[in-house]
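Trainee: Starting off with a structure, shown below.
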Amino acid sequence: MTVELPVGGRTLATPSRLMPTGTRALATLRQLRPVILPLATAGAGLVLWQCVCTLFHIPQVILPTPTEIAVELWRILPVLLREAVPTTLDSLAAFAFATVLGVALAIAITYSPLIRDTFYPNLVAFQLVPKVALAPLFVVWLGITSESRIAFSTFTCFFPVVISSVVGFSSADPSTLRLCRSLTASDWQSFLLVRFPFALPAIFNGMKIAITLAVIGVIIGEFISAKAGLGYYILYAGSHMDTAAIFALFVLCAMGVLLFGAVALAERQVRNRFGRR
Amino acid sequence: MAAVQDAPAVPLPRPVIGEAAWRLGRTIGLPLAFAIFSVVAWELVCRLTKISPELLPPPSAVWEVLVGNPAILIEQAIPTTIELIASFGIAAAVGVLLAIAITSSEAVREALYPNIVMFQVIPKIALAPLFIVWLGVGGRSIITVGVFIAFFPVVVSTATGLVSAKPDVLQLCRSLTASEWQVFRLARFPYAMPYLFAGMKVGVTMAMIGVVVGEFITAQAGLGYIIMFASSAGETATVLAAIVVLCAIGLVLYGVVGLGELAVARWYGGQLPTSGVI
């Protein structure tokens, strides 16, 4: 689930100094096209939504218009932000646990063939198990506490990190590893200087999947057990036929995008530090 | 990978067949042994420490529910399976069609693709209660939740695949004056196959999550409903038995997608053009 733009065969025309001003403006416009077009589409979608709602007199209970949503959203934003705090904290905690445990287990799997042969196939099989179904059991085990949601969420987002990191650690260039051995680098040195940098893109891929799953895990946990949080708010509002849940959704979207963006940003920083590959 | 070639070319004398058999035994035996060991350890821990079965029933209790009362589980599995197949089928069909539409022109792709990628990141499961407001309690809203969650990985993966055909091949097609449709059918679509199936495999798992969560919060029937009901009644063995059934359904569906991939690979002549890429 890598999120990358497909690269077309087209190369962008670079504005040349020799071009007349009009052409240069056009070239700049064309360079901005990948930004403008999606935004315009999203805007058009919102306008269409607004028009459909007004023209067909759709009741607000079923689907409020974007303007109504914006006004309402502004009004209840403080409440939503308060609800967003536990959700964000739980997601971050689960994500951190999953990353640390996942990378550690991946290192163990990479360095010990015995651990690899024993655990790895079971881990891959576990990927297919619908882990969501276990959510009520976490409530039975750990109660309706925040810990139970963090544990459940860690459990759901742990597996992509392990599997991605294992792939990453074993993707180090064999000739570089051999060079390390010839230069009598210690295991630790060759890990830090070769295996780890080589594994970074794959580890971050796993982390990107994990941050999305962490939020999903916490939301599901809040659906079934919480007394606070955005998931609780959405379910509560929905059961009262109150589409204010949509507003909570906007906050949630922003939260998801922000968390994902933070991981992507961290990836850029770390990869700059270790030299781009 | 060039490093493999400068390895010493002299093969060491060793018993080849015994080695291979031992390796095979190790790759299959070790994980199986570990799985069996875990189950036995679980059983022993439950019996020796007398953990209350409400907290953690031993595997034998789960087995008893599975064997002793299969009628209820099967009855509840039917709506779940139908919802799962429906939501995965719709998501796959709509997803592939949308991916084809998106990649048909550069402008459409640039306009829609970033928005869809954005949707990938949003925790869509949070929409589940809204679908109940819109579509009511029942199968329809559960299927919609499943479709909505399973749909995005299929689109993103297929769209990536459709633009990943080798430029050389596309150039060759153009020089041979192939029509758009021919280029699509003979070059771009086959190249997209591994991506398409990768997306569908994620989609199956996602559809499962959607259906189960949908059943958690709305259903009057289905395995998700049984899990919720049994867990609130403290019948943890039933919860675990329902999860086992759910896993079996998931594995079968995943296997069907895998078989489909094999069949398509064979149809396109032995192997997929980019096999090994993913």
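Quick mapping for you: the protein sequence lines, in order, are chains A and B.
Start counting the first sequence at 51; every next residue gets the next number (the numbering used here).
Start counting the second sequence at 1120; every next residue gets the next number (the numbering used here).
Beta carbons are placed, not taken as given, at the ideal position from N, Cα and C, and that holds for glycine.
Taking 9 Å as the threshold (beta carbon to beta carbon), is Leu113 (chain A) in contact with chain B?
Mentor: Output row for Leu113 (chain A): interface = yes.
Trainee: Listed in chain order, which residues of the segment 204-221 of chain A have Cβ atoms closer than 7 Å to some Cβ of chain B?
Mentor: Result list empty, no residue passes.
Trainee: Please go through the same chain and pick out, in chain order, the residues whose beta-carbon is closer than 8 Å to the beta-carbon of Ile194 (chain A), but skip the five residues on each side of it.
Mentor: Excluding positions up to five away in sequence, the list reads Ser275, Ala276, Lys277.
Trainee: Of all the options B:Val1321, B:Ala1245, B:Arg1304, B:Trp1161, which has the alpha carbon lying nearest to the alpha carbon of Pro1176 (chain B)?
Mentor: It is B:Trp1161.
Trainee: Comparing the C-beta of Gln1244 (chain B) with each C-beta of chain A, is any distance below 9 Å?
Mentor: The amino acid occupying residue 1244 (chain B) in the given sequence is Ile; Gln does not appear at that position. Yes, because at least one Cβ of chain A sits closer than 9 Å to the Cβ of Ile1244 (chain B).
Trainee: Keeping to the same chain, check which residues put their C-beta closer than 6 Å to that of Pro136 (chain A); ignore five residues upstream and five downstream.
Mentor: Within the same chain, Pro136 (chain A) has close Cβ partners Ala278, Gly279.
Trainee: Which bits of chain B does Ile334 (chain A) rub up against, with CB to CB less than 7 Å?
Mentor: The structure shown has nothing for residue 334 (chain A), since chain A only spans 51 to 327.
Trainee: What does the alpha-carbon distance come out to for the pair Gly1318 (chain B) and Lys1285 (chain B)?
Mentor: Rounded to the nearest angstrom, the two C-alpha atoms are 20 Å apart.
Trainee: Pro88 (chain A) and Asn1234 (chain B): beta carbons closer than 9 Å?
Mentor: Result yes, Cβ atoms of Pro88 (chain A) and Asn1234 (chain B) sit closer than 9 Å.
Trainee: Is the separation between the beta-carbon of Ile1368 (chain B) and that of Leu1203 (chain B) shorter than 9 Å?
Mentor: In this structure, Leu1203 (chain B) lies closer than 9 Å to Ile1368 (chain B) by Cβ.
Trainee: Per DSSP, what kind of secondary structure is Val320 (chain A) in: helix, strand or coil?
Mentor: Of the three classes helix, strand and coil, the one that applies to Val320 (chain A) here is helix, per DSSP.
Trainee: So with Cβ pairs under 9 Å, would you call Val129 (chain A) a contact of chain B?
Mentor: It does not; no Cβ of chain B falls within 9 Å.
Trainee: From what residue to what residue does the alpha helix (DSSP H) around Asn1188 (chain B) run?
Mentor: No alpha helix (DSSP H) holds Asn1188 (chain B); DSSP gives it neither H nor E.
Trainee: Any beta carbon of chain B sitting closer than 9 Å to that of Cys230 (chain A)?
Mentor: No, Cys230 (chain A) does not count as interfacial toward chain B.
Trainee: Here's a check: name, in chain order, each residue in its chain whose Cβ is nearer than 7 Å to the Cβ of Thr204 (chain A), leaving out the five neighbours to either side.
Mentor: Hits under 7 Å: Ala144, Phe147, Ala148.
Trainee: At the level of alpha carbons, what is the spacing between Leu337 (chain A) and Ala1269 (chain B)?
Mentor: Since the first and last residues shown for chain A are 51 and 327, residue 337 (chain A) lies out of range.
Trainee: Thinking C-alpha only, which one of B:Leu1149, B:Ala1247, B:Lys1243 is nearest Asn172 (chain A)?
Mentor: Comparing Cα positions, the closest option is B:Leu1149.
Trainee: Give the residues of chain E in contact with Arg83 (chain A), contact being defined as C-beta atoms less than 7 Å apart.
Mentor: Going by chain labels, chain E is absent from the structure shown, which instead holds the protein chains A and B.
Trainee: Would you mind reading off the limits of the alpha helix (DSSP H) that contains Phe1335 (chain B)?
Mentor: Taken as a continuous stretch (DSSP letters only), the alpha helix (DSSP H) holding Phe1335 (chain B) covers 1308-1337.
Trainee: Excluding sequence positions up to five away, which residues of its chain have a Cβ less than 7 Å from the Cβ of Cys207 (chain A)?
Mentor: Contacts found: Ala144, Phe145, Ala148, Ala260, Leu263, Ala264, Gly267.
Trainee: Nearest to Leu187 (chain A) by CA position, among A:Leu131, A:Arg199, A:Phe176, is which residue?
Mentor: Among A:Leu131, A:Arg199, A:Phe176, the Cα nearest to that of Leu187 (chain A) is on A:Arg199.
Trainee: Taking the alpha-carbon positions, what's the Phe254 (chain A) to Glu272 (chain A) distance?
Mentor: The straight-line gap from Cα to Cα measures roughly 27 Å.
Trainee: Contact criterion: CB-CB distance below 9 Å. Does Arg1145 (chain B) meet it with respect to chain A?
Mentor: True, the Cβ-Cβ gap to chain A drops below 9 Å.
Trainee: Could you check if Leu1231 (chain B) is buried or exposed, using at least 16 other CB atoms within 10 Å of its CB as the buried criterion?
Mentor: Its Cβ being crowded by 16 or more others within 10 Å, Leu1231 (chain B) is buried.
Trainee: Buried or exposed, going by whether 16 or more other CB atoms sit within 10 Å of the CB of Asp167 (chain A)?
Mentor: Buried.
Trainee: So Ile269 (chain A) contacts chain B; which residues on that side make the cut at Cβ distance below 8 Å?
Mentor: Within 8 Å Cβ-Cβ: Pro1242, Ile1244, Ala1245.
Trainee: Counting only beta-carbon separations shorter than 9 Å, does Glu1202 (chain B) have a partner in chain A?
Mentor: So no, Glu1202 (chain B) is outside the interface.
Trainee: What residue range does the alpha helix (DSSP H) around Val1371 (chain B) cover?
Mentor: Segment 1355-1386, the alpha helix (DSSP H) holding Val1371 (chain B).
Trainee: Which ranges does the beta strand (DSSP E) cover as unbroken runs of at least 3 residues, wholly within the segment 1194-1271 of chain B, from first to last along the chain?
Mentor: Whole beta strand (DSSP E) segments, 3+ residues: zero.
Trainee: What separation, rounded to the nearest whole angstrom, lies between the Cα atoms of Thr1263 (chain B) and Val217 (chain A)?
Mentor: The straight-line gap from Cα to Cα measures roughly 34 Å.
Trainee: Is the number of C-beta pairs between the segment 1214-1231 of chain B and the segment 223-241 of chain A that are closer than 8 Å three or more?
Mentor: No, they do not touch.
Trainee: Provide the residue span of the alpha helix (DSSP H) that contains Ile194 (chain A), from first to last.
Mentor: Careful: Ile194 (chain A) lies outside any alpha helix (DSSP H) and carries neither H nor E.
Trainee: Alpha carbon to alpha carbon, how far is Pro328 (chain A) from Leu98 (chain A)?
Mentor: Only positions 51 to 327 of chain A appear in the structure, and residue 328 (chain A) is not among them; the question remains open.
Trainee: Given 8 Å as the limit, is there contact between the segment 1354-1368 of chain B and the segment 1274-1283 of chain B, that is, 3 or more CB pairs closer than that?
Mentor: Flag = no, the segment 1354-1368 of chain B and the segment 1274-1283 of chain B do not touch.
Trainee: With burial defined as no fewer than 16 other Cβ atoms inside 10 Å of the residue's Cβ, what is the status of Glu133 (chain A): buried or exposed?
Mentor: Glu133 (chain A) comes out buried.
Trainee: Using a Cβ cut-off of 9 Å (strictly closer), state whether Ala1251 (chain B) contacts chain A.
Mentor: The amino acid at residue 1251 (chain B) is misidentified as Ala; the sequence shows Ile. Yes, Ile1251 (chain B) lies at the interface with chain A (some Cβ there is under 9 Å from its Cβ).
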